[in-house]
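Below is one structure, written out as structure tokens, with a few remarks after it.
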Amino acid sequence: MNFKRTLLIAALPLAFLAQAAQALEIKFADIHPDGYPTVEAEKILGKTLVEESKGQKDPFTFKMYSGGVLGSEKEVIEQLQVGAVQMARVSLGIVGPVVPDVNVFNMPFVFRDQAHMRKIIDGEIGQEILDKITNSEFNLVALAWMDGGTRNLYTKKPVHKPEDMHGMKIRVMGNPMFIETLNAMGGNGIAMDTGEIFSALQTGVIDGAENNPPTMLEHNHYQNAKYYSLTGHLILPEPVVMSKFTWEKLTPEQQALVKKAAKQSQLDERELWDKKTAASEEKLKAAGVEFITVDKKPFYDATAPIRAKYGAPYADLIKRIEAVQ
């Protein structure tokens, strides 16, 4: 059974049960641990919902489930789809197989830098992509964006150029585009859940992974991968979503409050992210991780076939992204 059907099929037999769930109880899931910028911003979001709904007939309650305690992102999405979990932050890599339009943001080097990405998600293009998720068969309402950071390579052996990745097994999220991107960059892309990376690095199942400094630090991947090559091949925003079952039970006033709180969390997380990234880089360096500045052009050129293959249906949108200064 393919990934899309696996995610969608669970929504059908349990739909009736989800209707009986307590509408204003908000369980929020994130695979990252307490202290991670997305989690801390989500806690602020929850506090806002609770505080601003006090005195209403049906006030919100909020509980944070961080550290992947409710399962992998795929498992959390399945729970969102049937209303067992009300809100989550999810990676676009896991949304892409079901909502192909989000793959515009998933393409390698589609953003010039972090500032460029933030201008896109703050503007009309960002809202258009959120609407694509909401209007899909995913059974989710996409509310806001969080900065998922700039993804670079971290490996057991130093990588300065694509040729250095030859024969390396590199963990990526479970999206065919990401696998093909790492393959094009010279390595061998291996799909794997975040929770499996540490042991896979430790046992030699993989030779490296690709992610941002806070993730490398908080998940202890630096213990087995001491080289961090600044390829910047992906700069991924991540949507905050709500179960459509929950959303449709809310009054227009409650929906407006959720939207407002989610948009504010987009800004809160950004401030937390910048502080966390700078602190994480210092801690990684202190722990013996070598940061390697690479010439990005060979990696950019190597991934041109990926942009050509996956970007063809979105040529006009890509031009609009490139035009944003």
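All letters in the sequence shown, in the order written, are residues -23 to -1, 1 to 302 by mature numbering (1 follows the signal peptide of the UniProt record, and there is no 0).
Yeah, the Cβ is synthetic: ideal placement off N, Cα and C, and Gly gets one too.
Beta-carbon proximity check, residue i vs residue j, cutoff 9 Å
i              : j             : result
alanine 239    : valine 217    : yes
proline 242    : isoleucine 21 : One detail in the question is off: residue 242 reads as serine in this sequence, not proline. Yes, the Cβ-Cβ distance between serine 242 and isoleucine 21 is below 9 Å.
isoleucine 283 : proline 85    : yes
threonine 223  : isoleucine 3  : yes
isoleucine 71  : glutamate 101 : no
valine 81      : tyrosine 291  : yes
tyrosine 42    : alanine 6     : yes
glutamate 187  : leucine 159   : yes
proline 191    : serine 113    : no
leucine 194    : glycine 185   : no
lysine 262     : proline 14    : no
isoleucine 298 : threonine 171 : no
glycine 231    : aspartate 108 : Note that residue 231 is glutamine in the sequence shown here, rather than glycine. No. Outside cutoff.
valine 301     : lysine 138    : no
tyrosine 199   : glycine 265   : yes
glycine 23     : lysine 40     : yes
Residue interval of the beta strand (DSSP E) (run including residue i)
i                : result
phenylalanine 39 : 38 to 42
lysine 109       : Note, lysine 109: premise wrong, no beta strand (DSSP E); alpha helix (DSSP H) at 101 to 111.
asparagine 188   : 185 to 188
lysine 4         : 2 to 6
Paired residues, beta bridge with residue i - DSSP
i             : result
aspartate 124 : Pro214
glutamate 225 : Glutamate 225 is not bridged to any residue.
alanine 65    : Ala6 and Val218
tyrosine 131  : Ala186 and Tyr205
leucine 117   : Ser220
glutamate 267 : Tyr204
Proximity test, Cβ basis, 9 Å: residue i and chain B
i            : result
glutamine 63 : Among the protein chains of the structure shown there is no chain B, as only one such chain exists.
First through last residue of the alpha helix (DSSP H) which encompasses residue i
i              : result
proline 14     : 14 to 29
alanine 177    : 174 to 180
glycine 288    : 281 to 288
valine 53      : 50 to 58
isoleucine 197 : Checking the sequence, you will find asparagine at residue 197 rather than isoleucine. Segment: none, asparagine 197 is in no alpha helix (DSSP H) and carries neither H nor E.
lysine 296     : 292 to 300
residue 303    : With the chain represented from -23 up to 302, any question about residue 303 goes unanswered, as that position is not in the structure.
Inter-residue CB distance, residue i and residue j (contact presumed, cutoff 8 Å)
i                : j                 : result
residue 347      : glutamate 259     : As displayed, the chain neither begins before -23 nor continues past 302, which places residue 347 out of reach and without an answer.
leucine 117      : leucine 57        : 6 Å
valine 182       : alanine 168       : Not confirmed; about 12 Å, so no contact.
threonine 132    : isoleucine 212    : Actually they are not in contact, since the Cβ atoms of threonine 132 and isoleucine 212 sit about 20 Å apart, beyond 8 Å.
glycine 103      : glutamate 215     : Contact doesn't hold; Cβ gap of about 12 Å is too wide.
arginine 66      : methionine 123    : 6 Å
phenylalanine 37 : valine 75         : Actually they are not in contact, since the Cβ atoms of phenylalanine 37 and valine 75 sit about 28 Å apart, beyond 8 Å.
leucine 47       : valine 62         : 6 Å
glycine 166      : histidine 143     : Their Cβ separation, rounded to whole angstroms, is 13 Å, which puts glycine 166 and histidine 143 out of contact at 8 Å.
leucine 207      : asparagine 83     : The Cβ separation is near 20 Å, so there is no contact.
asparagine 197   : phenylalanine 175 : 6 Å
alanine 279      : alanine 161       : 5 Å
Next on the checklist: Please give me, in chain order, every unbroken run of the alpha helix (DSSP H) with length at least 4 that falls completely inside the segment 143 to 168.
Outcome noted: 153 to 161
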